[in-house]
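Those letters in the sequence shown? Residues 138 to 263, per my numbering, in order.
First the structure, in the form of structure tokens, and then the observations on it.
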Amino acid sequence: QDLAKAMLCGTRCDEDVIAIAVVLMLRYSKTTSTALTLRKMHRLFVTCLHVAIKAHSDRYFRNDAYAILAGVTLPELNLLEAALLEGLEWRCLVQREEAFAFINAPLTVAAATIPSVETYSPYCAA
């Protein structure tokens, strides 16, 4: 939850990109039969968020700047992004209905990690 807040503040992207990133995480997990473990969550989340921002936002960071923000090295981010895109079979667009279905789904572990808009302000400079 803190990572999501920090990444939203650092990238200044729309909050719906978090839901898109989580949909990409779930899609990647299903496509590759990879279990989502706590150990994998940080890198998978920041990579999915990076790809979600690139695919769904008009403004995004260069990989070197995003790597610093995400707390990974540039070569690692490049490898993670390539592996994610390959695992997603380059299907990184999320339809609005798919994101809304996730947001409106009954509370799950994944949905519980998405902070509300009100919780961003303590972490973001106005």
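C-beta: ideal position from N, C-alpha, C; glycine also.
Write down the C-beta distance between residue i and residue j rounded to the nearest angstrom, noting that I regard them as a contact closer than 8 Å.
i, j, result
"residue 217", "residue 165", "The Cβ separation is near 11 Å, so there is no contact."
"residue 150", "residue 192", "Contact doesn't hold; Cβ gap of about 12 Å is too wide."
"residue 226", "residue 184", "Residue 226 to residue 184, Cβ: 15 Å. No contact."
Return the residue from the list the options that minimises the CA-CA distance to residue i.
i, options, result
"residue 272", "180, 232, 173", "In the structure displayed, the chain extends from 138 to 263; residue 272 sits before or after that span and is not available."
"residue 232", "153, 172, 200", "153"
"residue 148", "194, 175, 174", "194"
"residue 178", "198, 199, 197, 207", "207"
"residue 224", "170, 200, 176", "170"
Is the beta carbon of residue i less than 7 Å from the beta carbon of residue j?
i, j, result
"residue 157", "residue 236", "yes"
"residue 204", "residue 214", "yes"
Determine, using beta-carbon pairs with one atom in the region 152-162 and one in the region 188-204, whether at least three such pairs fall under 8 Å.
yes
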